[in-house]
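In the working numbering, the protein residues as written are 31 to 191. Read the structure below first, then the notes.
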């Protein structure tokens, strides 16, 4: 029996004879789609709507993929590099050029990371001491005037000898 597909190419599930809607299960195609959409930065809600399921059902079916959200972009880039390298090894000139662009992009990202790290290190250095103005220096000198000299307590106000 041939499968029936809806307007968007999704298979239409036949009824099971049991009451209620059949439980939604994740297919390998859906898992790959979620990994790809995670790499593009899509939200959970947006992906769930795309797969026509509720957010709790989406989380239940794809919790393993959602754990890898932070690494999804790097995993996609690594796969692209791997494919380009395989094609370049076969002698594909376009793949060689694309691999060169990917390498330049990777080098640029590495330099940006180093620059950002050095700027953060500079920001963490203690600030130089604040310059003291003429009046502040004179006030500070007046507080210690006469110490260690013959004048002694004569310069301190309110002290009688």
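Virtual Cβ for every residue (Gly too), placed ideally from N, Cα, C. The structure displayed is predicted, hence computed values, not measured ones.
Going by C-alpha to C-alpha distance, which of the options sits closest to residue i?
i: residue 203; options: 97, 99, 96, 125; result: The question about residue 203 has no answer here: the residues shown for the chain are numbered 31 through 191.
i: residue 93; options: 60, 36, 164; result: 60
i: residue 236; options: 40, 158, 71, 72; result: In the structure displayed, the chain extends from 31 to 191; residue 236 sits before or after that span and is not available.
i: residue 102; options: 38, 160, 62; result: 62
Just to confirm before moving on: does the CB-CB distance between residue i and residue j stay below 7 Å?
i: residue 65; j: residue 95; result: yes
i: residue 85; j: residue 100; result: no
i: residue 69; j: residue 129; result: no
i: residue 54; j: residue 80; result: no
i: residue 83; j: residue 67; result: no
Run through DSSP, which three-state label would residue i get?
i: residue 58; result: helix
i: residue 41; result: strand
i: residue 88; result: helix
i: residue 35; result: strand
i: residue 180; result: coil
i: residue 82; result: coil
i: residue 98; result: coil
i: residue 193; result: Shown here, the chain extends from 31 to 191; a query on residue 193 therefore has no answer.
i: residue 162; result: coil
Which same chain residues, not among the five before or five after residue i, have their C-beta less than 8 Å away from its C-beta?
i: residue 114; result: 125, 128, 129, 132
With a CB to CB cut of under 6 Å and the five nearest residues on each side skipped, what residues in its chain are close to residue i?
i: residue 34; result: 42
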